[in-house]
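In this note's numbering, the protein residues as written are 283 to 379.
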């Protein structure tokens, strides 16, 4: 099982991704508030500070979550029968933390 520090670093990487998505045009301006709410919920739940640049840099290093996920997608294409059945869970939109 992953350590709490690993999970906090992952939360920071997710927050970095959400922040980037709201400023790089990935998300339309009218949806940015929803990302801000989600970010606040994640930061509060994991007790991390997305404004702590050193912690975010430690979490993502020279990469970002999207780049890491792109590597995963490439490797997934080369999956073995034992990993081919893996699927992601669906997210349910609730509008609250």
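Just so it is clear, CB atoms sit at the ideal spot from N, CA and C, and this is done for glycine as well.
Do you know how far the Cα of residue j is from the Cα of residue i?
i, j, result
"residue 285", "residue 340", "15 Å"
"residue 324", "residue 299", "12 Å"
"residue 289", "residue 356", "24 Å"
"residue 335", "residue 358", "31 Å"
"residue 309", "residue 283", "33 Å"
"residue 351", "residue 345", "10 Å"
"residue 353", "residue 343", "15 Å"
"residue 307", "residue 287", "31 Å"
In the structure shown, what three-state DSSP assignment does residue i receive?
i, result
"residue 386", "With the chain represented from 283 up to 379, any question about residue 386 goes unanswered, as that position is not in the structure."
"residue 310", "coil"
"residue 329", "coil"
"residue 321", "helix"
"residue 334", "coil"
"residue 345", "coil"
"residue 284", "coil"
So, for residue i: in the same chain, excluding its five sequence neighbours on each side, which residues have a beta-carbon less than 7 Å away from its beta-carbon?
i, result
"residue 294", "330, 332, 337, 338 and 341"
"residue 348", "299"
Given residue i, which residues of its chain have a CB within under 8 Å of its CB, disregarding the five upstream and five downstream residues?
i, result
"residue 318", "304"
Could you check whether the region 351-362 touches the region 313-330, counting it as contact only if at least three pairs of C-beta atoms, one from each stretch, sit closer than 8 Å? no
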